[in-house]
Amino acid sequence: MPPTPTHEVSQSCQEMTISSSRRSSMGEHVVVPRRTDAARNALTLDSTKADDESGFDTEHMQPTPQVSSKTIAPRPSTESSHIEPVVKASPRTLLANQETGDKEVPFVPKVPEKYGQQESEIEAIHTTPQAASLLRVTFDDILLTPAVLRHSYLGRGTEEDPYICEFIPNDPRNPLEWSTCRKWVVAIGASIATFVVTFCSSAYSSVTREIMREFDQSTIVVTLGLSLFVLGFAVGPVLFAPMSELYGRRLLNIVLFAALTAFNAGTAGANSITSLLVCRALGGIAGSGPMTNASGILADAFTAEQRGLAMAVFSGAVFVGPTLGPVVGSFVGERAGWRWVMGMMTIASGVVWIWSVVAIPETYSPVILERRAKALEKKTGKFFRTRLQIGGRRPSPTQAFRIALSRPWVMLFREPIVTLLSLYVAIIYGTLYLLFGAMPIVYSINRGWSIGIGSLSFLGVAIGMVAAVMYTVWDNSHRYIKLSRAAVEHREIGAAPEDRLPPAIIGSICLPVGLFWFSWTNGASIHRIVSIIATVPFGFGMTLVFLAVANYLIDSYVIYAASVMAANSIVRSLFGAAFPLFTPYMYQKLGIHWASSVAAFLALACMPLPLLFYRYGAGIRAKCEYSREASETLAKMMGNPSK
20 MPPTPTHEVS QSCQEMTISS SRRSSMGEHV VVPRRTDAAR NALTLDSTKA DDESGFDTEH
80 MQPTPQVSSK TIAPRPSTES SHIEPVVKAS PRTLLANQET GDKEVPFVPK VPEKYGQQES
140 EIEAIHTTPQ AASLLRVTFD DILLTPAVLR HSYLGRGTEE DPYICEFIPN DPRNPLEWST
200 CRKWVVAIGA SIATFVVTFC SSAYSSVTRE IMREFDQSTI VVTLGLSLFV LGFAVGPVLF
260 APMSELYGRR LLNIVLFAAL TAFNAGTAGA NSITSLLVCR ALGGIAGSGP MTNASGILAD
320 AFTAEQRGLA MAVFSGAVFV GPTLGPVVGS FVGERAGWRW VMGMMTIASG VVWIWSVVAI
380 PETYSPVILE RRAKALEKKT GKFFRTRLQI GGRRPSPTQA FRIALSRPWV MLFREPIVTL
440 LSLYVAIIYG TLYLLFGAMP IVYSINRGWS IGIGSLSFLG VAIGMVAAVM YTVWDNSHRY
500 IKLSRAAVEH REIGAAPEDR LPPAIIGSIC LPVGLFWFSW TNGASIHRIV SIIATVPFGF
560 GMTLVFLAVA NYLIDSYVIY AASVMAANSI VRSLFGAAFP LFTPYMYQKL GIHWASSVAA
620 FLALACMPLP LLFYRYGAGI RAKCEYSREA SETLAKMMGN PSK
């Protein structure tokens, strides 16, 4: 399944929380407070952020001079550190109103170029992100260093006008300022977690015949173990996405991976088909959380420009996991039995759980800052709040769950873009899980191969998927980024969402070609390599369509990205759960050629969709309520209300 990078409010709110410095460069209207002379001389600015942080001179509205981050002024007195507003209004900062676009943002006054003393080595140690070890950052969400305690926060520290808790310059707890190495440790950990979940979903399919014999059950009953696990994936975006925004990614990952490990162990020791199916269903629900959080973790730690390669690696894990599951599971099942396949999944999820505990820190900035604000209140006795809390943009648990449960369904039935593209992706996803049941029939039953050897046919799909990820990285760097930069130069917000779709057009052609090729060359009279090669364009086309459609939906709905991806995930999971259930009967009634062609005809019917939206997508988006509202909101946020 495609990365779901995740949450409509979380990413935009997080970026507002990370650094107030970026707002002034967007041309926003500001309310200009001024500081007393002592406070003005005490300001410390990072040279890389001085232009953004300061904005304009309070008297002449000129850019503020940049000051080296290696200098620091003497600590101001308590009385002189407060901001005196120009107007009598409270200096409390208000965030953007989505409907009006009005903003009131903090202003840092002009600072002389030469001031202060050289920062001591001890101070540098406490303010350099790389200085705090990964272990310390992982187990200390707050990280109250001396630099954090001495930082001059906006506000007065009263209940009416609390201090605004933000990341300080070079904050070790700011995920966007981590070293590249640390970011990739976290990204690879999140990708492996997703790989393990998808691996567990499909590895079960390799031992269904053994389970049928042991429990004396029909094919459809045993196949429910696969379908129920995939059906659980629909829960993640609806239930666990809002939970991660309320309680953080880390806590959810630890709890849910522990649950997944326990349920995998339950399947390994199940003494009845009922207990096995219950454990599989609960395991799928538990696994859906880390899958949903993984894309959110990448969005937390990587900027938009850095995120391309990270998302490509994550996507590879998402797609390769379910294709390798039957291959590895078949060989383990042949040699050690089906219970050891479940045991292997238990070990894999247990290792990832340990990794989540010791090496994947909290990355969701609103949660980090809320916890730090509480710690600062306890430490200083003053009032601290985050910008989201002051601006009223932090949803309550009731609001978060109500939106998560209702909005995806509304968008699914009222937005034709979401309806048609979600249906297309769901058909492709269902076809992948259909192949998990079809491959053993085609190669093991018809050709007499062993389960292990027959499962090697999935490697063709995996090769196509890896090739598609590589192509996506190339296309992003050689085509899309150029279009985006050209659009910015022409005062556009960025490349149009439709510019995401050319890879999907290529993929939509590869899908029916590969499926028809496989359908009519999979007979025993034709050499096996011919039909296995046919699965390469299927894997290639499937991945291109998944990634392009996901990016198109996110770009089209922006602030509603989590809801639109939740709708996509719900439909996709329903199809992925249903297709394996009728696969054996369809192949029995129609034969291997026509049964395989059913999916090919469905892919052929959907082939015009990417081209349709590429050509007419802008007009369709303008007529869709949520897409139009998202586009207008983004234009206001970027200081371009005419768009």
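Mapping to this note's numbering: the sequence shown position 518 is 537, numbers consecutive. The beta-carbon is built from N, C-alpha and C at its ideal position, and this holds for glycine as well.
Checklist entry - Is Gly251 close to chain E, meaning its C-beta is less than 9 Å from at least one C-beta of that chain? => result Annotation note: the requested chain E is absent from the structure, which comprises a single protein chain.
Item to check | Phe403 - DSSP class collapsed to helix/strand/coil | outcome: strand
Next on the checklist: Does Tyr579 pass the burial test, meaning 16 or more other C-beta atoms within 10 Å, or should it be called exposed?
Outcome noted: buried
Next on the checklist: The alpha helix (DSSP H) that contains Tyr443, what's its start and end?
Outcome noted: 435 to 458
Next on the checklist: Between the alpha carbons of Ala505 and Asp518, how many angstroms are there, rounded?
Outcome noted: 12 Å
Checklist entry - Count the other CB atoms within 10 Å of the CB of Arg640; is the residue buried (16 or more) or exposed (fewer)? => result buried
Next on the checklist: Going by DSSP in three states, Ile366 sits in which element: helix, strand or coil?
Outcome noted: helix
Next on the checklist: Check for me: the alpha helix (DSSP H) holding Ile611 runs from which residue to which?
Outcome noted: 580 to 625
Item to check | Close beta carbons around Ser291, own chain, < 6 Å, minus the five adjacent residues each side | outcome: none
Checklist entry - Looking at Ala619 and Pro531, is the spacing between their C-beta atoms short of 9 Å? => result yes
Checklist entry - Within 10 angstroms of its Cβ, does Thr554 collect 16 or more other Cβ (buried), or is it exposed? => result So Thr554 ends up on the buried side.
Item to check | Residues that Tyr182 bridges to, as DSSP identifies them | outcome: Phe403
Checklist entry - By a C-beta neighbour count over all protein chains shown, 10 Å radius and 16 as the cutoff for buried, is Tyr645 buried or exposed? => result buried
Next on the checklist: Rounding to the nearest angstrom, what Cα-Cα distance links Phe338 and Thr562 in this structure?
Outcome noted: 7 Å
Checklist entry - Between the Cα of His170 and the Cα atoms of Gly335, Phe186, Gly327, Pro261, which residue gives the shortest distance? => result Phe186
Checklist entry - Between the C-alpha atoms of Pro627 and Pro522, what's the straight-line distance to the nearest angstrom? => result 13 Å
Item to check | Closest Cα partner of Arg433 within the set Arg647, Phe248, Val215, Ser152 | outcome: Arg647
Next on the checklist: Is the beta carbon of Ala622 closer than 9 Å to that of Ile447?
Outcome noted: yes
Checklist entry - Hey, would you say Tyr571 sits closer than 9 Å to Gly636, going by beta carbons? => result yes
Item to check | 8 Å contact criterion, which Thr602 and Gly456 should meet: CB distance rounded | outcome: 4 Å
Checklist entry - Where does Val8 land, buried or exposed, given buried means 16+ other C-beta within 10 angstroms? => result Examination of residue 8 is not possible in this model, given that the chain is present from 20 through 662 alone.
Checklist entry - Hey, is the region 397 to 408 in contact with the region 418 to 433, meaning 3+ C-beta pairs nearer than 8 Å? => result no
Checklist entry - Using the beta-carbon count (16 or more within 10 Å), is Ser544 buried or exposed? => result Under this definition Ser544 is an exposed residue.
Item to check | Pairwise C-alpha distance: Ser592 and Gln607 | outcome: Across the structure, Gln607 and Ser592 are spaced so that their CA atoms are roughly 25 Å apart.
Checklist entry - Once you ignore the five residues that flank Lys202 on each side, which residues in its own chain have a CB closer than 8 Å to its CB? => result Pro194, Ala320, Phe321, Gln325, Ala329
Checklist entry - Rounded to a whole number of angstroms, what is the C-alpha to C-alpha distance between Ile470 and Ile551? => result Rounded to the nearest angstrom, the two C-alpha atoms are 16 Å apart.
Checklist entry - The alpha helix (DSSP H) with Arg547 in it runs from where to where? => result Counting along the chain, Arg547 sits inside the alpha helix (DSSP H) bounded by residues 547 to 576.
Checklist entry - So, are the CB atoms of Phe595 and Ser294 less than 9 Å apart? => result Just to set this straight, residue 595 is Gly in the shown sequence, not Phe. Result no, Cβ atoms of Gly595 and Ser294 do not sit closer than 9 Å.
Checklist entry - How about Ser225 and Pro345: do their beta carbons lie closer than 9 Å? => result yes
Checklist entry - Can you tell me whether Ile464 is buried or exposed, with buried defined as 16 or more other CB within 10 angstroms of its CB? => result exposed
Next on the checklist: Three Cβ pairs or more, each shorter than 8 Å: is that satisfied between the region 294 to 313 and the region 247 to 255?
Outcome noted: These segments touch.
Next on the checklist: Quick check on DSSP: helix, strand or coil for Arg466?
Outcome noted: coil
Item to check | Bounding residues of the alpha helix (DSSP H) (the contiguous stretch that carries Asp494) | outcome: Note, Asp494: alpha helix (DSSP H), 477 to 494.
Next on the checklist: Which of the three DSSP states is assigned to Trp374 in this structure?
Outcome noted: helix
Checklist entry - In whole angstroms, what is the alpha-carbon distance linking Arg358 and Gly288? => result 7 Å
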